[in-house]
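Peer 1: Chains as they are written, first to last, in our numbering: chain A, 39 to 530; chain B, 7 to 490; chain C, 34 to 129.
1) Measuring only the C-alpha atoms, how far is residue 259 of chain A from residue 114 of chain A?
2) Please classify residue 222 of chain B as buried or exposed, where buried requires at least 16 neighbouring CB atoms within 10 angstroms.
3) Of the choices B/243, B/80, B/211, B/17, whose alpha-carbon is the least far from that of residue 220 of chain B?
4) Does residue 151 of chain B come out as helix, strand or coil in the three-state DSSP assignment?
5) Please go through the stretch 19-99 of chain B and give each complete beta strand (DSSP E) segment of 3 or more residues, from N-terminal end onward.
6) Suppose you measure from the CA of residue 81 of chain A to the CA of residue 73 of chain A; what does that come to, to the nearest Å?
7) I need the boundaries of the alpha helix (DSSP H) containing residue 244 of chain B, first residue and last residue.
8) Less than 7 Å separating the beta-carbons of residue 142 of chain B and residue 164 of chain B?
9) Can you check which of these residues, A/497, A/182, A/128, A/399, is closest to residue 176 of chain A by C-alpha distance?
10) Which same chain residues end up closer than 7 Å to residue 355 of chain B when comparing Cβ atoms and leaving out the 5 residues on each side of it in sequence?
11) Give every residue of the same chain whose Cβ lies closer than 8 Å to the Cβ of residue 278 of chain B, excluding the five residues on either side of it in the sequence, and list them in chain order.
12) Could you please give me the residues that DSSP links to residue 84 of chain A through a beta bridge?
13) Does the Cβ of residue 251 of chain A have 16 or more other Cβ atoms within 10 Å, making it buried, or fewer, making it exposed?
14) Cβ of residue 382 of chain A within 6 Å of any heavy atom in the ligand HEM?
15) Can you tell me whether residue 68 of chain A is helix, strand or coil according to DSSP?
16) Report the residues of the stretch 124-138 of chain B with a CB closer than 7 Å to any CB of chain C, ordered along the chain.
17) Is the beta carbon of residue 79 of chain B closer than 7 Å to that of residue 134 of chain B?
18) With C-beta atoms as the reference, is residue 213 of chain B less than 7 Å away from residue 22 of chain B?
19) My guess is that residue 337 of chain B and residue 193 of chain B are in contact by the Cβ rule of under 8 Å, so how many angstroms apart are they, rounded?
20) Could you tell me whether the stretch 222-235 of chain A touches the stretch 186-199 of chain A, using the rule of 3 or more Cβ pairs below 8 Å?
21) Measure the Cβ-Cβ separation of residue 347 of chain B and residue 385 of chain B and say whether it is below 7 Å.
22) Hey, would you say residue 341 of chain B sits closer than 7 Å to residue 334 of chain B, going by beta carbons?
23) Taking CB distances under 7 Å as the criterion, tell me whether residue 409 of chain A reaches chain B.
24) Mind listing, in chain order, the continuous beta strand (DSSP E) runs of no fewer than 3 residues lying wholly within the stretch 103-149 of chain B?
25) Quick check: the stretch 452-464 of chain B against the stretch 41-57 of chain C, are there 3 or more CB pairs under 8 Å?
26) Any chance you could list the alpha helix (DSSP H) runs of at least 4 consecutive residues sitting entirely within the stretch 436-520 of chain A, in chain order?
27) Of the choices B/126, B/291, B/425, whose alpha-carbon is the least far from that of residue 405 of chain B?
28) Could you check whether the Cβ of residue 406 of chain A sits closer than 7 Å to any Cβ belonging to chain B?
29) Can you find a C-beta in chain A that's less than 7 Å from the C-beta of residue 90 of chain C?
30) Contact between the stretch 382-397 of chain A and the stretch 234-248 of chain A: three or more CB pairs below 8 Å?
31) For the beta strand (DSSP E) that contains residue 305 of chain A, what are its first and last residues?
32) Hey, quick one: how far does the beta strand (DSSP E) through residue 265 of chain B stretch, first residue to last?
33) If you count every other CB in all the chains shown that lies within 10 Å of the CB of residue 320 of chain B, and 16 or more means buried, which is it?
34) What does the Cβ neighbour count give for residue 36 of chain C, buried or exposed, with the cut at 16 atoms within 10 Å?
35) Do the stretch 94-101 of chain B and the stretch 191-205 of chain B make contact, defined as three or more Cβ pairs closer than 8 Å?
36) Are residue 399 of chain A and residue 475 of chain A closer than 7 Å when you measure CB to CB?
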């Protein structure tokens, strides 16, 4: 029998439909893979019993003649999505042991469509990071290795999700993206990651980091898989006031493979100083591929690009400082309370003990930029620059259908690098953050390898709610690039 | 005449601004679908959103928005078709989110006016600065355990309207009149039940003092005052405290103080913590609240006649004084009661009976108008019995007493007790003749010029007829008989 | 932009209700200053006449019908609480 863990979501969907194998078999294969790759630490909580239960139920459902769009397909769920009855930690100590009495809308949609949950994937604590080295539950190790043999980061914050998919420990995984947390780890792990338009997927039940930026999205082996999974994640939710009241199109149908006549924009501001040669080359190759496929390549300008990181690192922490105020040890989560402590003592001790360093830093930056005397200079100013960034894209999309850029300024780096300087880590997000600030859909597709043999991805950014174009062009890029490399131990 | 406090160095004026929080009447909360009903088990009117569970999001209640607009219209205020919800960030046990969703620089309602009805019948206009919507906090109980406090989130998330006045109030009396009028308005509108001692309406008073002619002094905020009477007391006490401090050479610290009505003083709430920095910013989970003129007109159509309009109409149509009309419109139920009594009758007479007799009796028995044993219809009937001379005014008062006791129909009472006024000339003449015959010397005195004795005779005749003779007729017939 | 001093960091840590040791305060001061320097470049952007962008969602607030659709889940609300008593959350005594 084929190694069932090497299938794509689409292949498994078809195989199940044809009866080549059952969901139980598919799920068992993945559970075995999780056993074999536990050292990667991609999962915080594994749910083998639940997975088997769901797989059995799915097979029974299929036998009765009904099958949902994700029927019987085993996936990993980023541990930022609240899953009913299953520990949800946001990779933090402060939520250790927290068992939600509710299911997030996105996972509810997926499970309602028949998906099977293998476990909760690891991430950077509270989704703050781009290396998955800030999790209370330990680092995630990238299944890819370079010649140094050192452990490499999978990227972040959805590092566990990316590693799980890349190491065939799940057919696909859910991720969330606030400044690049789906796209960048997808690039580092050689998989596809899609951040939909802000409002396309509901945020209800997802532990909030930065409310105006957070978006759930699929992390998959192929562009088709992303299209399939997005179709089961997206949809208007009345419980989320920022959820867009628009219909979910058939994303898979958008994969026509035909982009003749489309205009692809190349923003000159993304060719940053000191950009590594191989990233530049990757980008140029991408341009050539799209041109060969019949697209017209146009230079565009996004003048405020260089201010995007600064804007993001004001807006996101500001919102986070407020969103994380509820973690106070009072109604759920870890509490530290000694005899004679006042309420404030309890707050201060619980939060100091419960939050990791990066989270504490971001909360405090956020508190600072919102505080009296600084609001106008920082937060309000950042919101105005954000509008400029949004207007840049608006202008560019007047001329093109999609924009092509590299996803990340480098390939995966070694765990431990960039740790001393908080800002150095932030620079990993330079290409992904602008699309987040503008709420635009963005996909990362692996198209080449670095000199060290590590995956590199290209990013496509689309117009609001035009995931279809993003998927279509992404699919063409994927075919043209024919990226077949696999991490060691996953070949064949 | 302005309110002046005499200090040791001269006269002082007081400047007061009131911030009133009104709980909005709605079935569910401002941002969640949990019930607002009072009195349930702790934490049972609490949704996951109210408990601020991870990943929860607010969704605004249309009715709360309508109620805020309605109240704004009742305050003759500017309705802002675009407003923004902002987070007010601070930590407290009864604030599960670690922030309150409120409105900061773009409230739903802007400037308006309240007209105060003063006890002397005059009116004064007080400006409204703004009205905004915000979440109420939960309840902390500190007396259940020596070491711990207990938190119940049932109230957390209930919609509040914060109504801020301009600092136009210049006396405790004006403050009382402001609160009375505001309460009447929201009760008329059905947007809040205005119950200060149950906490559905809460008042914080900002008080400062100044010498006449000067600018504003430093103000202090008095919190925790749960009745109109205590607000008035607290304002006076705080003003006096501030005068004493300044005249003693000190400076007023801008701070929050609590009113202790037992000790009759205000106390500083200043704790060791640093000042609050609320870090307001627009709530990213909520988009701007926008509605159009049509939305506002729909609500405008539903407005009942408000106290000021009703008062003006009572004065115009029923010839009432400003004071009397003011008393009647203070509560919609009272005004409605009065209208039933006054219908087709003399408005002033009806007003006298309602205000003096009915309200007097209800106040004494500490009973509200809705529990009045005397129905409006029956009071109306009683007035009719006077107007058509069936009974005298004096007898009517007795009948009224019986109606208060028994809640009975006046016509029946008059029948049963045989209280009908005697208007039969013959019967009256007989009674007069009896009294005249029994007091010949007094008759002589009257004939000699002592007119005042007539009154005594009238009294005697009334007594002998058990008060039932028509006094007017007794007077006339007596005069005719004695003086010819 | 000047660097953040220890006292400012102490105040921010308190506003954030996070206990930080004395050494921690110094380290944080350094980190936070570094981050603020990083975002300092925004000062040079011309935002004349530009409205802040608080949400990219091109919508206005949807209004919910006023009905009781939630609550009555006391057990679920309390199930993850570290300390409860008689249906209430329990915290250290607060003196008002």
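Glycine is no exception: its CB is placed at the ideal position from the N, C-alpha and C atoms.
Peer 2: A quick look at the data gives this:
1) For the purposes of this step, residue 259 of chain A is taken as residue 221 along the first chain, with counting starting at 1. For the purposes of this step, residue 114 of chain A is taken as residue 76 along the first chain, with counting starting at 1. The alpha-carbon atoms of residue 259 of chain A and residue 114 of chain A are separated by roughly 13 Å.
2) The residue labelled residue 222 of chain B in the question sits at position 216 within the second chain. It is exposed - the Cβ of residue 222 of chain B has fewer than 16 other Cβ atoms within 10 Å.
3) Counted from its first residue, the second chain places residue 220 of chain B at position 214. Measuring from the Cα of residue 220 of chain B, the nearest candidate turns out to be B/17.
4) As a working note, residue 151 of chain B is residue 145 in the second chain. Note: residue 151 of chain B maps to coil in three-state DSSP.
5) 92-95
6) Taking the first residue of the first chain as 1, we reach residue 81 of chain A at position 43. Taking the first residue of the first chain as 1, we reach residue 73 of chain A at position 35. Straight-line Cα distance between these residues: approximately 11 Å.
7) Locating residue 244 of chain B in the second chain gives position 238, where the first residue counts as 1. Taken as a continuous stretch (DSSP letters only), the alpha helix (DSSP H) holding residue 244 of chain B covers 234-253.
8) As a first step, residue 142 of chain B must be located in the second chain, where it is residue number 136. As a first step, residue 164 of chain B must be located in the second chain, where it is residue number 158. Yes, the pair counts as a contact, with Cβ atoms nearer than the cut-off.
9) The residue given as residue 176 of chain A occupies position 138 in the first chain. The shortest Cα separation from residue 176 of chain A among A/497, A/182, A/128, A/399 belongs to A/128.
10) For the purposes of this step, residue 355 of chain B is identified with residue 349 of the second chain, where counting begins at 1. Within the same chain, residue 355 of chain B has close Cβ partners 389.
11) Here residue 278 of chain B is taken as the residue at index 272 of the second chain, counted from 1. Bear in mind that a pLDDT of 42 at residue 278 of chain B, under 50, signals an unreliable position, so the number given afterwards is only what the model happens to contain. Answer for residue 278 of chain B: no residue qualifies.
12) Taking the first residue of the first chain as 1, we reach residue 84 of chain A at position 46. Bridge partners of residue 84 of chain A: A/157.
13) By 1-based counting over the first chain, the position of residue 251 of chain A is 213. Residue 251 of chain A should be labelled buried.
14) Ligands displayed in this structure: none; no statement on the ligand HEM is therefore possible.
15) The residue labelled residue 68 of chain A in the question sits at position 30 within the first chain. The answer is helix: DSSP assigns residue 68 of chain A an H, G or I state.
16) none
17) The residue given as residue 134 of chain B occupies position 128 in the second chain. The residue given as residue 79 of chain B occupies position 73 in the second chain. Result no, Cβ atoms of residue 134 of chain B and residue 79 of chain B do not sit closer than 7 Å.
18) Counting from one through the second chain, the residue named residue 213 of chain B turns up at place 207. Counting from one through the second chain, the residue named residue 22 of chain B turns up at place 16. Yes, the Cβ-Cβ distance between residue 213 of chain B and residue 22 of chain B is below 7 Å.
19) If you number the second chain from 1, residue 337 of chain B lands on position 331. If you number the second chain from 1, residue 193 of chain B lands on position 187. Confirmed, Cβ separation roughly 7 Å.
20) yes
21) In the second chain, the residue the question calls residue 347 of chain B occupies position 341. In the second chain, the residue the question calls residue 385 of chain B occupies position 379. The answer is yes: Cβ separation under 7 Å.
22) One-based indexing of the second chain puts residue 341 of chain B at position 335. One-based indexing of the second chain puts residue 334 of chain B at position 328. In contact: residue 341 of chain B and residue 334 of chain B (Cβ atoms closer than 7 Å).
23) On the first chain, residue 409 of chain A is found 371 positions in, with the first residue counted as 1. By this cut-off, residue 409 of chain A is an interface position.
24) 105-108, 118-123, 129-141, 145-147
25) no
26) 460-464, 471-475, 505-519
27) What you label residue 405 of chain B is simply residue 399 of the second chain in a count that begins at 1. Of the listed residues, the one whose Cα sits closest to residue 405 of chain B is B/425.
28) Reading the first chain from its first residue, position 368 is the one you call residue 406 of chain A. Taking Cβ atoms only, chain B never reaches closer than 7 Å to residue 406 of chain A, which makes this a no.
29) As a first step, residue 90 of chain C is located in the third chain; it is residue number 57 there, counting from the start. It does; some Cβ of chain A falls within 7 Å.
30) no
31) For the purposes of this step, residue 305 of chain A is taken as the residue at position 267 of the first chain. Residue 305 of chain A -> beta strand (DSSP E) spans 301-305.
32) Locating residue 265 of chain B in the second chain gives position 259, where the first residue counts as 1. Where residue 265 of chain B is concerned, the enclosing beta strand (DSSP E) stretches over 262-266.
33) By 1-based counting over the second chain, the position of residue 320 of chain B is 314. Counting Cβ neighbours within 10 Å, residue 320 of chain B comes out buried, since at least 16 surround it.
34) On the third chain, position 3 is the one that residue 36 of chain C refers to. Exposed is the call here.
35) no
36) Counting from one through the first chain, the residue named residue 399 of chain A turns up at place 361. Counting from one through the first chain, the residue named residue 475 of chain A turns up at place 437. No, the Cβ-Cβ distance between residue 399 of chain A and residue 475 of chain A is not below 7 Å.
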